[in-house]
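Here is the structure we will look at, set down as structure tokens.
Chains as they are written, first to last, in my numbering: chain X, 37 to 282; chain R, 37 to 282.
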């Protein structure tokens, strides 16, 4: 069954106009006809089953029942990672959305190899947020992650989160293996975490000092060296394993 | 430091000829010069540091010290998944290698949407094994995963493994959440597991019967719907989290 986000309150028996993007996908690509059902998420993350009505004249959705379902991680996880080239950024946003991320913030690291030109940032974010929407539909999420850009790491890690961690290669090399598990065990439902991942060029000494000043906890992600775009997925899967499969 | 696999026994002070692929990458791409060091893995998964000597005349590697290091998962994990289109298969092999897989077997599922033509299988496997080698070098593994093809799922799941699991979407929908953790907890170091993932078209009733007959355990991978190529990575990260980070 298809799964779409409607940014409005919903109730049973309500008839809702179909936003044009959903109309295009559901009617044209998926060939929905009168009576075809789909899942619709309201603006408070509740899921409903709705069916297509009046498709020949003025297509609309009739909400027919509630479908209580929560596909969200118990915590709100923000991934902050150094800017990446187009295809890697696309890929990471898509997969992190499948794995339950709440927010992705790309930042310009001191040693970033990829650069985002200031006049291209909005265009890139628009593209990445479209990818996040489509991946959230496919993985039947209750909410759509937000993709943002911050010029400075400082602004990210000085914000208010319950837990702050950084995936630091030196921690992995030093055999640090238990801090992520310990951190997740301390978290309560709805707690927030920001997890920082350096860009491909690595994290600079200045940035490490900044992270240390902000009490950001270094965590190891196992003994294998993970690429910049793979490490956030490992972290999300590990948090899910510790909190949803244990 | 670069990391390469030499399929031979190694010992300190030994001088080794450089295989042509390594020569091309290390000398041409990475511009190694006399005295440049790299890691070399022998045929028994031991890691050594070696340096380049005699680069102007007849380049060779001199093994200078042992570097005891194990980046392997404590278990031997085989991923069996329905054949996928080129880019998804490439991507999955690369990322599963980073995450510690031991063997990847693609199979032609009853409901596979992608098909591998019989006369193209060898060419595809050659390409995928090259990707696995390169990813194993980058993630500093002790061994290179093997990528294979089997026409029948039956041949795969009737083979001898300590644990056999299948990621079955219906298990996830039914809220099954603890079997993977329980299974991993039962495993001893060096135990083997095969994990089956259906193709994009899903697993057929005939295949489910076959899996049930072979006592393959259905496991849920959390409440979000993961794409065919993402699910194996989630499983590998979860196994690493349960066994390496706990």
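All C-beta atoms in this analysis are idealised placements derived from N, C-alpha and C, irrespective of residue type, glycine included. For clarity, every value in this text was computed on a predicted model and none was experimentally measured.
Practice problem: Please confirm if residue 223(X) has its CB atom under 9 Å from at least one CB of chain R. | Solution: The Cβ of residue 223(X) sits no closer than 9 Å to any Cβ of chain R.
Quiz prompt | Short-range partners of chain X found in the stretch 250-276 of chain R, where Cβ spacing is below 7 Å | solution = Within the stretch 250-276 of chain R, the qualifying residues are 258, 259, 260, 261, 262, 263, 266, 269, 270, 273, 274 and 276.
Quiz item: Going by the beta-carbon positions, is the gap between residue 143(X) and residue 188(X) smaller than 9 Å?
Solution: Between residue 143(X) and residue 188(X), the CB-CB gap stays under 9 Å.
Self-check item: Interface partners of residue 177(X) on chain R, CB under 7 Å
Solution: Near residue 177(X) (Cβ distances below 7 Å), the residues of chain R are 260.
Self-check item: Whole-angstrom C-beta distance between residue 101(X) and residue 84(X), which should lie under 8 Å
Solution: So it is a contact: roughly 7 Å between Cβ atoms.
Quiz item: Bridge partners of residue 113(X), per DSSP?
Solution: For residue 113(X), which the question treats as bridged, DSSP gives the partners 229(X).
Quiz item: Sorted by chain position, which residues of the same chain lie with C-beta nearer than 6 Å to residue 44(X)'s C-beta, five sequence neighbours on each side aside?
Solution: Around residue 44(X): 79.
Quiz prompt | 8 Å Cβ shell around residue 120(X) - same chain, five flanking residues per side excluded | solution = Listed in chain order, the non-local C-beta contacts of residue 120(X) below 8 Å within the same chain comprise 128, 142, 150, 235, 236, 264 and 265, local neighbours out to five positions each way being set aside.
Self-check item: Residues near residue 76(X) by beta carbon distance below 6 Å, same chain, minus five either side
Solution: Residues 40, 42, 84 and 86 of the same chain have their beta carbon placed closer than 6 Å to that of residue 76(X), with the five preceding and five following residues left out of the count.
Self-check item: Endpoints, the alpha helix (DSSP H) within which residue 280(X) is located
Solution: From DSSP, the alpha helix (DSSP H) with residue 280(X) extends over 267-280.
Quiz item: Does the stretch 200-207 of chain R come close enough to the stretch 173-190 of chain R to have 3 or more Cβ pairs within less than 8 Å?
Solution: They do not touch, by the three-pair rule.
Quiz item: Would you say residue 122(R) reaches chain X, if we count a Cβ-Cβ gap shorter than 9 Å as a contact?
Solution: For residue 122(R), the answer is no, since every Cβ of chain X falls outside 9 Å of its Cβ.
Practice problem: Take residue 270(R) and list the residues in its own chain whose beta-carbon comes closer than 8 Å to its own, dropping the five residues that flank it on each side. | Solution: Around residue 270(R): 257, 258 and 262.
Self-check item: Beta-carbon proximity of residue 56(R) to residue 228(R), cut-off 9 Å
Solution: One thing to note: residue 56(R) has its Cβ no nearer than 9 Å to the Cβ of residue 228(R).
Exercise. Output the distance between the C-alpha atoms of residue 239(X) and residue 106(X), rounded to the nearest integer angstrom.
Key: Here the alpha carbons of residue 106(X) and residue 239(X) stand approximately 36 Å from one another.
Quiz item: What does residue 107(R) reach in chain X if we use C-beta pairs closer than 9 Å?
Solution: Residues of chain X passing the Cβ test: 258, 259, 260 and 261.
Self-check item: Range of the contiguous alpha helix (DSSP H) that encloses residue 129(X)
Solution: Run containing residue 129(X): 122-134, per the alpha helix (DSSP H) assignment.
Quiz item: With distances taken from CA atoms, which of 116(R), 164(R) and 167(R) is nearest residue 231(R)?
Solution: Taking the Cα of residue 231(R) as reference, the smallest distance to any Cα among 116(R), 164(R) and 167(R) is reached at 116(R).
Self-check item: Alpha-carbon to alpha-carbon, residue 98(R) and residue 276(X)
Solution: Between the C-alpha atoms of residue 276(X) and residue 98(R) there is a straight-line separation of about 45 Å.
Quiz item: Skipping 5 residues on each side, what residues in its chain have a beta carbon closer than 6 Å to that of residue 61(X)?
Solution: Listed in chain order, the non-local C-beta contacts of residue 61(X) below 6 Å within the same chain number zero, local neighbours out to five positions each way being set aside.
Quiz prompt | residue 99(R) (DSSP reduced to helix, strand or coil) | solution = Shown here, residue 99(R) sits in a strand according to DSSP, grouped into three states.
Quiz item: What distance in whole Å lies between the Cβ atoms of residue 267(R) and residue 233(R), which are believed to be in contact at a cut-off of 8 Å?
Solution: Cβ-Cβ separation between residue 233(R) and residue 267(R): approximately 5 Å, consistent with a contact (criterion under 8 Å).
Quiz item: Looking at C-alpha atoms only, which residue of 54(X), 135(X), 73(X) and 104(X) is the closest neighbour of residue 94(X)?
Solution: Closest in alpha carbon position to residue 94(X), among 54(X), 135(X), 73(X) and 104(X), is 54(X).
Practice problem: Could you tell me whether the Cβ atoms of residue 181(R) and residue 138(R) are closer together than 9 Å? | Solution: In this structure, residue 181(R) places its C-beta atom within 9 Å of the C-beta atom of residue 138(R).
Exercise. Give the straight-line distance between the Cα atoms of residue 244(X) and residue 145(X), rounded to the nearest whole angstrom.
Key: Per the coordinates, the alpha-carbon of residue 244(X) lies some 11 Å from the alpha-carbon of residue 145(X).
Quiz prompt | Outcome for residue 67(R) when other beta-carbon atoms lying within 10 angstroms are tallied against a minimum of 16 | solution = Its Cβ having fewer than 16 others within 10 Å, residue 67(R) is exposed.
Self-check item: Own chain, CB closer than 6 Å to residue 186(X), minus 5 neighbours either side, in chain order
Solution: Only residues of its own chain outside the window of five on either side were considered, and among them 141, 143 and 192 have a CB closer than 6 Å to the CB of residue 186(X), listed in chain order.
Practice problem: Taking all protein chains shown into account, decide if residue 194(R) is buried (16 or more other Cβ within 10 angstroms of its Cβ) or exposed. | Solution: Residue environment for residue 194(R): exposed (fewer than 16 other C-beta atoms within 10 angstroms of its C-beta).
Quiz item: In this structure, what does DSSP give as the bridge partners for residue 73(X)?
Solution: BP columns for residue 73(X) point to 87(X).
Quiz prompt | Minimum Cβ-Cβ distance from residue 281(X) to chain R less than 9 Å | solution = So, interface residue.
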